[in-house]
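Participant: Chains as they are written, first to last, in my numbering: chain A, 10 to 628; chain B, 39 to 535; chain C, 31 to 161. We put the CB at the ideal spot given by N, CA and C, even for glycine.
So this is what it looks like as structure tokens:
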């Protein structure tokens, strides 16, 4: 049997199996999921050949499955992350009911993503896209009435995106006569001179999944309301499907750039870049005022996706490389962070940062993961986030001369420090409260995936070349030639080398030296000091006094940014929705309930038709 | 015994008269006999479809009078497909209701089975007849039985819905009769093939008047806006199985009438564009109205009207792909909307005031029904991998081939509205737990089987649409081939390949 | 006597046929008026039957041939086919009358049911199903 079909089949049977198993033995539902994904991952990485194509036809439409170097990057990302997330999920979801429902949708959404990666034609792409969408929607509303509103919002926005995409897809068929992606590109579907709306519609569709402003409003709620083990995938991998599509479309648009459409392309580039930049800034600002760790991470995800889109919008070699690199790194650290949030939620019962603090001693491994991931998120060397942002700045400054955008990105990136700090401090540092005394470290099956992700972050931070290799190959598929990379070296436009390993190693060495120095210095005479074991201005704090200052952490900042919070995109969309509902309510009043009115409608319709019959019908 | 198209009509008619007599023998017989008849219909369909696939056309002449003079029954891949669809649905609806109405006293059951059987017979008759007046007669059979079924429940507002239906239906029959009358004065024949052949002799003014009368007449049955005032009431008041039959069977017959008239009888410019506009308006208004509904069946009714609008649009585009898409849509709508009405009426049966808010969280008590409703909802809004996706895709492809980009956007925009109201219900079904449900009415096993068959069909077609696309392509070809229909009926009864 | 009648008939044929068509159309319009304007359910049903009657009359009128005979073949009148009126409209009208009868019966039974249920026969007061 063909390997692609086999993988899809395994996924679907895994989904059904985990549903059935939940009826018999709920414990094994999660394990089934893990095994399913593990089997698929094994098959994928051993059996699938890059650039092999399988042709088949369904419903009279030619379809193709296959993997190329570009989609391979995303395959690694999706399968790796979902494998770890499903392992994490086993214990995390243990005590919930309706596990069968959760896990079958979990598998289906991963099947959707893998299917998207396989698809070489638009129809199967769209089918898997929709499977991914509705299965993730079902998980968003897993929590019940509380989340049904955010679930509906997610579904509506996804539908807007998906249908924009479908419009483009059928238009490609209508105008260029094919559903196969590569043929469509060859026939000039994305040449941006005639049928400009086709790439734009596609980009709108992808932008919804990539949470680009102004289509991002579903994301914070959907990310924070679904179970964390799924959000790790949701934010880490699923949003990258939008990036996958955007990369493909943009690369083809840019490579078809001619003098004729140069202006259009420039506009597109600027609009996308700025939307990405604004998304990054606004989401960061919103992330700052969140008190719920999950929500903070959700907003942060939106912001990070903004960077990635900025990178893609440049269209330059370095920019796209930065975007893809950031995409992978973001998947890793945001996956890890959501797992951290999940672990905290499971062990403590809440992720409200005003309620918990000082978990560092209770959950050291979780803290380690959180620390490493936050370092990567904030873009502090020596971890991957730094590498990606460095490349992004360099691309923006040297290759597209978009200095204002650099300032915006830089601002958002700096502001990100503030919420990163809040996350780390709020959950793990600070005063140890009485309420969390009973808290223990998360179970080992939850620790393992988190720590693995943290280790990946460290390794890829020092040797980004591990990731550059597949990315460079993927970019060659997209049409970028001569993507230079070395294990840790990038060549910029002037031919200079930015040696990441060199930079990182230096920082690493300094870090280690200071660390060892401090440890050695403090080794002697170390004693544990409780948080209350201090005196402020001569007064010894009592047991109940809350010394943590995270409650009003950002008050001054919040006051300064207050005008920004007033006008949220969310409100605009809500108003629009209410207006539409009013229209719907008005429309149904046509059906008055009086039979005579209906009869009158018939006669009026008949008379109107008879009056206009000569204009309506001709020979 | 050789099975011919006449069996579709004669067997149910005989059964309808025999049932009251048979019920003297055994009480249970008047419930079983309609089922047997329905099943026999499936056999007829199976045999005839097989034959049609070999020979192309089947024409049966009734009472020895040959085509232009007598009445002939036509089975083409197109009408055969619809007749088979209706037969299968009819049987499933019977299976669904077989024990469903056990609670109601016996006397009414008697008429219920007969009425439903006659309604299905009438619908099949509309589809297979080759004579325009015969078509009118079958239309009236459908109308009268449908009205009686709508007002079947005494306690409710059934009579009101029935009266509105009858009032508007009366207009429909009057207008169709008038159209037939004018047509007869012009061509002097009632045979559809001969009418089609002589159509070009009629002056344009009269031709378009006849067409308008037909459009309004059939448009009432096909739920075209603004002729569909009766539909939401009738759907919401009729017993569950009947609502399913309305969506799956009666409307199909109405659409068939409209399409047969526009595609085969008339050769007139502008009719297709008119269909697109009428369909678009119908779809938009119906789907908008559905959003704020409190009664589930009424919501489904508006959705059904909206789907019919989409079918009209697809027929209006008029290319081969579009006709194929329209037939696929009709098929999908028949199975999916029947499933939704079947499951929906079981859900409604468990609510006190028949509103959506009173079935919150009922999925815990009725897991199978709820999941089937959810699958139906997913399928009708066109989410892959369910069958509804394919038909929507083909409609859009057909529109894209003609570069009707605004039409595509309108269809998809309305689909988003559809998602909103269907998913609201599914959400509430599963995730609102504020109501305790006591005394749950569980569906009987045979209704579960009937619904299960429909659900499985939806999923199987969704994964492998090729099962049905072959038939649909044949049907679309035949419908578009106007001259071969005429030739076959009038010139020589030689099968045309 | 017979010939005299025929003479008169032929003389005034145009007027008569005009009268038939006029009556038919008049009936249809009266029926329409009743259906659309009258509030009483029974009057609406009557309006429907009047519309039907008008259409039936129109049908018959169209089938008539000037000076035609009944469409019956019998020995000795082999040439009758040339003079007989068109039989098909008559057959159709028969069918349509039967159908109209059934529709009226159902309609009246519904009216009775509605009256029992709502205690009124005014159509604009019976709209518990709306929107």
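Leaving out five residues on either side along the sequence, give the residues of the same chain with a beta carbon under 6 Å from the beta carbon of residue 464(B).
Facilitator: 412 and 415
Participant: Check each candidate in 240(B), 296(B) and 239(B) and name the one with the smallest Cα separation from residue 254(B).
Facilitator: Nearest Cα to residue 254(B) within the set 240(B), 296(B) and 239(B): 296(B).
Participant: Interface residues of chain C around residue 263(B) at Cβ under 9 Å?
Facilitator: Residues of chain C passing the Cβ test: none, with the nearest at roughly 15 Å.
Participant: Return no unless some Cβ of chain C is closer than 7 Å to the Cβ of residue 596(A).
Facilitator: no
Participant: Considering only residues of the segment 66-97 of chain B, which uninterrupted alpha helix (DSSP H) runs meet the minimum length of 4 residues and lie entirely inside it, listed in chain order?
Facilitator: Within the segment 66-97 of chain B, the complete alpha helix (DSSP H) runs of at least 4 residues are 67-93.
Participant: Residue 133(C) to residue 142(C), Cα distance in whole Å?
Facilitator: 14 Å
Participant: Less than 7 Å between the C-beta atoms of residue 50(A) and residue 88(A), yes or no?
Facilitator: yes
Participant: Just checking, does the segment 140-157 of chain A make contact with the segment 192-211 of chain A on the three C-beta pairs under 8 Å criterion?
Facilitator: no
Participant: In terms of residue numbering, what span does the beta strand (DSSP E) encompassing residue 63(A) cover?
Facilitator: 62-67
Participant: Using the beta-carbon of each residue, which ones in chain B are nearer than 8 Å to residue 158(C)?
Facilitator: 195 and 198
Participant: Can you tell me whether DSSP reads residue 153(A) as helix, strand or coil?
Facilitator: Residue 153(A) falls in the coil class under three-state DSSP.
Participant: Relative to the C-alpha of residue 446(B), which residue among 301(A), 425(A), 250(A) and 174(A) is closest?
Facilitator: 174(A)
Participant: Put residue 337(B) into one of helix, strand or coil per three-state DSSP.
Facilitator: helix
Participant: Indicate the three-state DSSP secondary structure (helix, strand or coil) for residue 168(B) in the structure shown.
Facilitator: coil
Participant: Just mark residue 67(C) as buried or exposed, buried being the case when its beta carbon has 16 or more other beta carbons within 10 Å.
Facilitator: exposed
Participant: Quick one: does residue 615(A) have its CB under 7 Å from some CB of chain C?
Facilitator: no
Participant: Verify the CB distance criterion: does residue 414(A) have a CB-CB separation below 7 Å to chain C?
Facilitator: At a cut-off of 7 Å between beta-carbon atoms, residue 414(A) makes no contact with chain C.
Participant: From residue 617(A) to residue 213(B), what distance separates their C-alpha atoms?
Facilitator: 15 Å
Participant: Taking only three categories from DSSP, how would you classify residue 237(A)?
Facilitator: Helix at residue 237(A).
Participant: Does residue 234(A) pass the burial test, meaning 16 or more other C-beta atoms within 10 Å, or should it be called exposed?
Facilitator: With 16 or more other Cβ atoms from the protein chains shown falling within 10 Å of its own Cβ, residue 234(A) counts as buried.
Participant: Can a CB atom of chain B be found closer than 7 Å to the CB of residue 611(A)?
Facilitator: At least one CB of chain B lies nearer than 7 Å to the CB of residue 611(A).
Participant: Give a yes or no on whether the C-beta atoms belonging to residue 365(B) and residue 513(B) are separated by under 7 Å.
Facilitator: yes
Participant: Using a Cβ cut-off of 9 Å, pull out every chain A residue sitting near residue 462(B), in sequence order please.
Facilitator: 157 and 161
Participant: Quickly, what does DSSP pair residue 346(B) with across the bridge? List them, please.
Facilitator: Answer is none; residue 346(B) lacks a bridge partner.
Participant: Could you tell me the alpha carbon to alpha carbon distance between residue 215(A) and residue 170(A), rounded to whole angstroms?
Facilitator: 7 Å
Participant: With a threshold of 6 Å on Cβ separation, who are the neighbours of residue 135(B) within its own chain once the five nearest residues in sequence on each side are excluded?
Facilitator: 279
Participant: Do you know offhand how far residue 4(A)'s Cα is from residue 428(A)'s?
Facilitator: This structure cannot settle anything about residue 4(A), because the visible part of chain A is limited to 10 through 628.
Participant: Anything in chain A within Cβ reach of residue 503(B), meaning under 7 Å, just list it in chain order.
Facilitator: 67 and 68
Participant: For the ligand SAH, any of its heavy atoms closer than 6 Å to the Cβ of residue 339(A)?
Facilitator: The model on display carries no ligand, and the ligand SAH is accordingly not part of it.
Participant: Please check if any C-beta of chain A sits within less than 7 Å of the C-beta of residue 153(C).
Facilitator: yes
Participant: Got a sec: which bits of the segment 444-459 of chain B sit with their beta carbon under 8 Å from any beta carbon on chain A, in order along the chain?
Facilitator: Residues passing the 8 Å Cβ filter: 446, 447, 450, 451, 453, 454, 455, 457 and 458.
Participant: Going along chain B in order, which residues have a C-beta closer than 8 Å to the C-beta of residue 136(A)?
Facilitator: 422, 423 and 427
Participant: Just by C-beta distance, which residues in the segment 80-111 of chain A are closer than 7 Å to chain C?
Facilitator: Nothing from the segment 80-111 of chain A brings a Cβ to less than 7 Å from some Cβ of chain C.
Participant: Measuring straight from C-alpha to C-alpha, what distance separates residue 231(A) and residue 341(B)?
Facilitator: 28 Å
Participant: Could you compute how far the alpha carbon of residue 525(A) sits from the alpha carbon of residue 519(A)?
Facilitator: Taking the straight line joining both Cα atoms gives about 10 Å.
Participant: Can you check whether the C-beta of residue 330(B) is within less than 7 Å of a C-beta belonging to chain A?
Facilitator: Closer than 7 Å to some Cβ of chain A, the Cβ of residue 330(B) qualifies, so yes.
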